[in-house]
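Have a look at the structure below, then the notes.
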Amino acid sequence: MALSLLLLCLLALSALAYVLARGKAFKSAGGDIRLLHSLPGYYGWNGALTVALPSLVVLVLWLGIQPAVIDNSVASMISDHAAGESNVGLVMSDVRRIADGLDLAVESGAMTEDYAGSIHADLTDVRGRLGSLGVALGSEVTQEKMRAAQAYRSMTATGNWMRTGVVLLLAFVGLAISYRRADKDFRARNFVEQVVKGILISAALIAILTTVGIVFSLIFNTVEFFKLYPATDFFFGTTWTPSFGGGSDLGILPLMWATLYISFIALAVAVPVGLFAAIYLSEYAGSTVRSVAKPLLEVLAGIPTIVYGLFALLTVGPLLVEAFGEGGILGLGWMKGGTAVMTAGLVMGIMLIPFVSSLSDDIINAVPQAMRDGSLGLGATHSETVKQVILPAALPGIVGAILLAASRAIGETMIVVLGAGAAARLSLNPFDAMTTVTAKIVSQLTGDADFASPEALVAFALGMTLFVITLGLNIFALYIVRKYREQYD
Amino acid sequence: MSSFSGLARATDPIDQNKATAMENVKIAAEKVQVFYGETHAIKDVSIDIRARTVTAFIGPSGCGKSTFLRCLNRMNDTIDICRVEGRIAIDNEDIYDPKVDPVQLRAKVGMVFQKPNPFPKSIYDNIAYGPRIHGLVRRKSELDDIVASSLQKAGLWEEVKDRLDSPGTGLSGGQQQRLCIARAIAVSPEVILMDEPCSALDPIATAKVEELIDELRENYTIVIVTHSMQQAARVSQRTAFFHLGNLVEVGDTQDIFTNPVDKRTQDYITGRFG
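Here the protein sequences line up with chains A and B, keeping their order.
Position in the first sequence (first residue = 1) + 2 = my numbering.
Position in the second sequence (first residue = 1) + 36 = my numbering.
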């Protein structure tokens, strides 16, 4: 049975369970809702969930496990003979393609099921026949692969039949159980409550497990990299000259320096502007100004960073060159080209303004009105109140906001790719072009990367380093916010 | 305008005359109206508040007593939609005159709020806050003296003298409220307004604050809003009864509680409504 049909069956059975359980519970109370422990709908849901949940869980597990099991047993059929000429993985993907091709052939009527099962590669031009159906095979079909593909097909077919049987059996058992349990004294409402809780927990687990998965994929590749390239050279090397021919210097320091330099400039722009904007909006602006200005500021946060990158490349860079470049207005000649640390830093700062201002605004608004009253009641002016009472009270939150903004600045990619340049360099001049960790991750992994070379794997080590830094910043931010939060509660 | 000050009000003519004649008036309010947007919150209130006396404002919730109290140091200015009409004079000076800086006024007329609201600073900095922003001191030692004397006057010194550096928010509710009173005293105000200062405190802390109010009467003019008629009877010498935005009756506390003139006052203090 096809998967979609199976799902449809489950749905129908659940609906049936809903109706049956609800009806039975209703009848057991003699048609009087007040005698039921729960509202009739809960009995219905209890029935539907008892049918759907276990069978769906088994179905999902089955879908995950069956291909792996079949792959394994088929691979053991061919490995000793065919693996000699190439990778087992490549042979297996060939086998799968042949199996898919045979499926297609049977479906379109070009072969009978029996014929597809008994076809002999030495006697028939399988490649040609499948090719005429639109299934292109990379290499000649050997009898070895053909047998494997046929085994693959038959095992998949059996597996699918078993899957359908088991799932439907579970569904029917669920139907029976829920129907038996549907009685006026059964606590259907509590049961449904538990299920809802379970669903919420699994949603939270998915987010956490994904994070763990990301970390592990980074860790494994980073470990691979450090097997090929010494860690001390990576962390303390001052030159970054990757060459895919080998013998490259992969020191993180120039990249890290540029990352921090750009982030510093970005924060130097974003923190004062964002903070002052937040103070104005939360303390001084009237409600009409606020209702217009706040959404407008937050529009800035919705602009894709690539657009900021274009702004840096086309507007800010040339403007800066006009001022600081060779023959510029200021006649300083500090800047050689439009892409520079300063360009990227300024634009990134603008990007971060709404981030800082929006968070700070919320935090300042959370300072109780009683604080303002107390200060004003002592004869303090508005700005004295802001400076000496409100900001200190809001400071932990504001520091948290700034640290979160910093971790965004460090992880930002598109603006630096377009605005900061491509040369890895250790320089103090903010008008020099430099390149950051994120930009280099992009350039190391784009194109035909060989994932066994240190030049490609270094991207994971770079990513891991960034991850650790931003994670540290986030944890530190949370710690600060937590530690001082209860001060005015 | 000044001719109004001698005018008797309809509710309590004898008492009013006696008040202006015999006692020095600290705050004189005449025909004060307060509007919140369209709502007419205070209607035509005229009252004289005597110096170095505790005056209690009583009345049911929403009767406007807190609103009127906040007019006395122009705290209502901080609310956008609030509008005040009429004349309120402190020491014969109209506090709503455009020449008057509300910031200066609030240094002269301190305020203690319903919920203790110490700043999230140390006990010392809480008290030093006012003197610092008003530039009352030149030296650290002077500031130390002000902090110590304010805490002493507020009866908190013995409890906190060893931990002036710990946060003010770490004190108990009653201590916090006395800290707020000390904070108000530190700027040497002439008038202290208290907006239900004991409503968030337990009976023991309340008793301490009441005792403190009684002591402060020697040096300050105190106006206290309270929901508790026992408290009004205990701490105040004068009592004003507000109802639905009107000042119904004002007089010596003893008279108000034993021999009220207006029926509404009688109903309220005997617990028939409110």
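Glycine is no exception: its CB is placed at the ideal position from the N, C-alpha and C atoms.
Hey, would you say the C-beta of residue i is under 6 Å away from at least one heavy atom of the ligand HEM?
i, result
"Leu13(A)", "Of ligands this structure carries none, so the ligand HEM is not represented either."
Please report how far the alpha carbon of residue i lies from the alpha carbon of residue j, in whole angstroms.
i, j, result
"Ser97(B)", "Leu105(B)", "14 Å"
"Asp34(A)", "Tyr44(A)", "15 Å"
"Gly161(A)", "Ala70(A)", "12 Å"
"Leu9(A)", "Arg149(A)", "32 Å"
"Ala493(A)", "Ile163(B)", "Chain A is shown from 3 up to 491; residue 493(A) falls before or after that span and cannot be answered."
"Pro167(B)", "Ile254(A)", "54 Å"
"Ser6(A)", "Ile443(A)", "41 Å"
"Ile124(B)", "Val259(B)", "14 Å"
"Thr75(B)", "Arg24(A)", "54 Å"
"Phe28(A)", "Ile216(A)", "50 Å"
"Ile355(A)", "Ser385(A)", "22 Å"
"Ser38(B)", "Glu129(B)", "The pLDDT assigned to Ser38(B) is 40, lower than 50, so where the model puts this residue is not dependable; a value taken from the coordinates is nonetheless given after this. Rounded to whole angstroms, Ser38(B) to Glu129(B) spans 11 Å at the Cα level."
"Leu348(A)", "Lys389(A)", "27 Å"
"Phe218(A)", "Leu447(A)", "19 Å"
"Ile305(B)", "Thr103(B)", "21 Å"
"Ile352(A)", "Leu475(A)", "21 Å"
"Leu1(A)", "Ala272(A)", "Look at the range of chain A in this structure, 3 to 491, and you will see that residue 1(A) is not part of it."
"Met58(B)", "Cys107(B)", "Its pLDDT being 49, under 50, Met58(B) is placed unreliably by the model, and the measurement read from it follows with that caveat. Between Met58(B) and Cys107(B), the C-alpha separation is close to 25 Å."
"Ile331(A)", "Ala325(A)", "5 Å"
"Ala435(A)", "Leu63(A)", "52 Å"
"Thr294(B)", "Asp288(B)", "10 Å"
Would residue i pass as an interface residue toward chain A - the criterion being a Cβ-Cβ separation below 7 Å?
i, result
"Pro134(B)", "no"
"Arg199(B)", "no"
"Ala143(B)", "yes"
"Gly166(B)", "yes"
"Phe93(B)", "no"
"Val139(B)", "yes"
"Met147(B)", "yes"
"Phe155(B)", "yes"
"Ile126(B)", "no"
"Lys151(B)", "yes"
"Ile260(B)", "no"
"Ile169(B)", "yes"
"Gln290(B)", "no"
Just checking my contact of residue i with residue j at CB under 8 Å: how many whole Å lie between their CB atoms?
i, j, result
"Glu328(A)", "Gly335(A)", "5 Å"
"Ile417(A)", "Thr243(A)", "That belief does not hold up - the Cβ atoms of Ile417(A) and Thr243(A) are roughly 24 Å apart, past 8 Å."
"Asp80(B)", "Lys67(B)", "5 Å"
"Asn60(B)", "Ala77(B)", "The Cβ separation is near 29 Å, so there is no contact."
"Ala107(A)", "Ala118(A)", "6 Å"
"Gly379(A)", "Arg142(B)", "6 Å"
"Ala407(A)", "Val358(A)", "5 Å"
"Ala479(A)", "Gly402(A)", "4 Å"
"Gly122(B)", "Gln69(B)", "6 Å"
"Gly100(B)", "Gly281(B)", "4 Å"
"Ile131(B)", "Lys62(B)", "Not quite, the Cβ-Cβ distance comes to about 12 Å (not below 8 Å), so this is no contact."
Does residue i get closer than 7 Å to chain B when you measure Cβ to Cβ?
i, result
"Glu386(A)", "yes"
"Thr383(A)", "yes"
"Asp364(A)", "no"
"Leu380(A)", "yes"
"Ala395(A)", "yes"
"Gly376(A)", "yes"
"Ala372(A)", "yes"
"Val294(A)", "no"
"Val483(A)", "no"
"Val391(A)", "yes"
* Return the chain-ordered ranges of every alpha helix (DSSP H) run that is complete within the region 283-363 of chain A and spans a minimum of 4 residues. => For secondary structure counted as the alpha helix (DSSP H) over 4 or more consecutive residues, the region 283-363 of chain A holds these complete runs in sequence order: 289-304, 307-313 and 319-326.
* Asked: For the 8 Å Cβ check, are there 3 or more pairs between the region 86-101 of chain B and the region 264-280 of chain B?
  -> Output reads yes: the region 264-280 of chain B touches the region 86-101 of chain B.
* Asked: Are the region 48-56 of chain A and the region 173-193 of chain A in contact at 8 Å, needing three or more beta carbon pairs?
  -> The region 48-56 of chain A, when compared against the region 173-193 of chain A, does touch it at the 8 Å Cβ threshold.
* Asked: Three or more beta-carbon pairs under 8 Å between the region 210-219 of chain B and the region 151-162 of chain B, yes or no?
  -> Taking 8 Å as the limit for Cβ pairs, the verdict is that the region 151-162 of chain B does touch the region 210-219 of chain B.
* Examine the Cβ distances between the region 282-299 of chain A and the region 348-367 of chain A and report whether three or more of them are shorter than 8 Å. => Result yes; three or more Cβ-Cβ pairs closer than 8 Å.
* Can at least three beta-carbon pairs, one atom from the region 72-79 of chain A and one from the region 210-230 of chain A, be found at a separation below 8 Å? -> Two segments are said to touch when three or more pairs of C-beta atoms, one from each, lie closer than 8 Å; by this definition the region 72-79 of chain A does not touch the region 210-230 of chain A.
* Going along the chain, which unbroken runs of the alpha helix (DSSP H) with 4 or more residues stay wholly within the region 113-166 of chain A? -> Complete alpha helix (DSSP H) runs here, min 4: 115-120 and 128-134.
* Evaluate contact between the region 126-142 of chain A and the region 193-205 of chain A, counting only Cβ atoms and requiring at least three cross-stretch pairs below 8 Å. => Judged by Cβ distances under 8 Å, the region 126-142 of chain A makes no contact with the region 193-205 of chain A, as fewer than three pairs qualify.
* the region 52-72 of chain A touching the region 167-186 of chain A, judged by at least three CB pairs closer than 8 Å -> Touching, per the Cβ criterion.
* To do: Could you pull out every unbroken alpha helix (DSSP H) segment of at least 4 residues lying fully inside the region 155-219 of chain B, listed in chain order?
  => Complete alpha helix (DSSP H) runs here, min 4: 159-169, 176-189 and 193-196.
* To do: Check whether the region 221-238 of chain B touches the region 249-259 of chain B, taking contact to mean three or more Cβ pairs, one atom from each stretch, closer than 8 Å.
  => With the cut-off at 8 Å, the region 221-238 of chain B and the region 249-259 of chain B touch.
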